[in-house]
Each structure stands twice: as structure tokens, then as C-alpha cells.
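Participant: For the sequence shown, UniProt numbering begins at 1 and goes up steadily by one.
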Amino acid sequence: MNELIIASKNKGKIEEFRQLFAQYGIQTYGIEEIDESIADVKETGMTFAENAQLKAETIAALLNKPVLADDSGLEVDALEKRPGVFSARYAGEKKDDKANMDKVLLELEQVDHRTARFVCVLALAIPSQETILERGTCEGSIARQPQGANGFGYDPIFVPNGYNQTMAQLTSGEKNAISHRHNALMKIEQTIQLMV
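#1: Report the residue from I132, K81, D96 and E174 whose alpha carbon sits nearest the alpha carbon of N150.
#2: Could you tell me whether the stretch 61 to 68 touches the stretch 78 to 98, using the rule of 3 or more Cβ pairs below 8 angstroms?
#3: Below 8 angstroms between beta carbons: does that hold for I178 and C138?
#4: Can you round the beta-carbon distance between I26 and N2 to whole angstroms, since I take them to be within the 8 angstroms contact cut?
#5: Just to confirm before moving on: does the CB-CB distance between A116 and S141 stay below 8 angstroms?
#6: Excluding the 5 residues flanking I6 on each side, which residues of the same chain have their C-beta closer than 6 angstroms to its C-beta?
#7: To the nearest angstrom, how far is the alpha carbon of L185 from that of V41?
#8: Could you check where the alpha helix (DSSP H) with S172 kicks off and where it finishes?
#9: Between which two residues does the alpha helix (DSSP H) harbouring Q53 extend?
#10: Buried or exposed, going by whether 16 or more other CB atoms sit within 10 Å of the CB of A123?
#11: Go ahead and pull the three-state DSSP assignment for A125.
#12: Where do the N-terminal and C-terminal ends of the beta strand (DSSP E) with A69 fall, by residue?
#13: Of the residues T131, Q147, L20 and K11, which one's Cα is nearest the Cα of E32?
#14: According to DSSP, simplified to helix, strand and coil, what is residue 233?
#15: First and last residue of the alpha helix (DSSP H) that includes E139?
#16: Is V121 closer than 8 angstroms to F48 when the C-beta atoms are compared?
#17: Going by CA-CA distance only, name the one from I132, L62, A143 and V111 that's closest to L194.
#18: Contact check, Q165 vs G148 under 8 angstroms by CB: the rounded distance?
Printed below as a string of C-alpha cells:
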């Protein structure tokens, strides 16, 4: 495998993958670099794994090339692992980070047990092969109020274990070293090493 399509339009995410796979001589391309007309795959799965696999396999079949896709979000134990796969649209169909955070904080207002985790599942779909799924997590807890401006999504209310700052208060380097995506990527990297 010397070429890999990233099923994302997020330039930051694509660059992160690009840097990782370059060391193995694998050229990576964002979906829009291959074909701007490819529509977003509807995430109809009930788990992160189902959604990641759905995206990877749909686009791999369309392009007949290896594709890497991810699905990620926040699980809060006291909320029965919500928002989960609905993390991006927890407060409504329009993606709104502040509204999503406000909803979680409101639901946890009277709750002391605030353990949570960020979850990322990566799916590597290679035509005519079984799709590879790897899961990474970052364990932590939900703060009482948002703090910090570095990051996105639920970062301002998520305090990783071992830290007294939210993800949004950490530097990009600190965050990337412990993130759920990083941990999933390290597992995918081991798989890639065996393939090249």
C-alpha cells in the first residue's frame, strides 16, 4: 500500500495523518483532493465503530482505493455514555460546540460523579480485504465550567486524567500526545508497519 485516502474534509486531521504515514512512504490525500463531488457518507450507525467502518468502506468501494475514516466523540458515564455518536449534534442538528457543552453541563449540574472519555475509532478499508478497526480513548472528567480557548468540541469542559487543566488549556503538543485520536493512530500505525 503506497496510497491512502483520508475520508475527511478536516484539513488539520488530514495533515496529522499525512505526517504519520509519510515515514512509511505512504502518500495520503484528503477526500476533496481526489474528488470534490463525493458527498459526506450518512452516519447511520449506533456506535463509533459502525460509523467509521461505514464511511471507510463506502468510499473505498467508490474509489477502489484504501481509505481511512474515523468517528469520535465524548462518552459521559453519568449520562449513560451520552452524547456518544451524537456528540457533534447533541444540542440540535446544527453543529454548535457551545450549545453542546451547555447541554452536557446542564445535565450534570447536580452530579458529582463526572467521569468521561473521548473515544476515537479508526477504520482502514482496503478493497477485497477485511476492514481493520482500532479504538483509542482519553480518560478524564467533566469540569464544572468551560475553560481555555485551544481546541474545539468539548475540549473546554474535559479534564484529562493526571491534569488539572482542560484539554482546551493544554498546548497542541500536550493535547496531541494524549488524545483519543493519537491513541487510535498508534494502533493503526502498528498495523500499517506490518503492511509496508
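Cβ atoms here follow ideal geometry from the backbone N, Cα and C, with glycine treated the same way.
Facilitator: With the structure as the only source:
#1: E174
#2: no
#3: yes
#4: 6 angstroms
#5: yes
#6: Here I6 has I14, F17, T28, G30 and L68 as same chain residues with Cβ atoms under 6 angstroms from its own Cβ, once five neighbours each way along the sequence are excluded.
#7: 22 angstroms
#8: S172 to I178
#9: F48 to L63
#10: buried
#11: strand
#12: V67 to V76
#13: K11
#14: This structure does not reach residue 233, given that the chain is present from 1 up to 196, and the question cannot be answered.
#15: Element bounds for E139: not the alpha helix (DSSP H) but the beta strand (DSSP E), I132 to I142.
#16: yes
#17: I132
#18: 7 angstroms
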